[in-house]
Amino acid sequence: EKATPEQLWIRSLAARLSFGKVLVAIANKHARQLWVMLAHDADYDPCASQRHPMHRPAQLA
Numbered sequence: 041e042k043a044t045p046e047q048l049w050i051r052s053l054a055a056r057l058s059f060g061k062v063l064v065a066i067a068n069k070h071a072r073q074l075w076v077m078l079a080h081d082a083d084y085d086p087c088a089s090q091r092h093p094m095h096r097p098a099q100l101a
């Protein structure tokens, strides 16, 4: 099964940060995603971040 971009991002964080910091980073990202959905009355789009102009693909070491 192929990993999603979010899973790759989490794995890259886990390789360099403590467990607690990874959890806070995930919570922060989810809070920002939720704020955007509520502010724009939008449904969840799992591919939205890939269309963002600042998108950089996650790379594992």
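Everything in the sequence shown is counted per this note's numbering, starting at 41 for the first residue and increasing by one. We treat Cβ as the ideally placed atom computed from N, Cα and C, and that holds for glycine.
Taking residue i as part of the alpha helix (DSSP H), name the residues at either end of that continuous run.
i: K61; result: 59–79
i: A88; result: 88–91
Please state the DSSP three-state secondary structure of residue i.
i: E41; result: coil
i: A82; result: coil
i: R102; result: Shown here, the chain extends from 41 to 101; a query on residue 102 therefore has no answer.
i: R106; result: Residue 106 is absent from the structure shown; the chain starts at 41 and stops at 101.
Measure the beta-carbon distance from residue i to residue j and round it to whole angstroms, keeping in mind my assumption that it falls under 8 Å.
i: V104; j: L48; result: There is simply no residue 104 to check, as the chain begins at 41 and stops at 101 in what is shown.
i: S89; j: H80; result: That belief does not hold up - the Cβ atoms of S89 and H80 are roughly 14 Å apart, past 8 Å.
Cα-Cα, which of the options is closest to residue i?
i: K69; options: A82, I50, S58; result: I50
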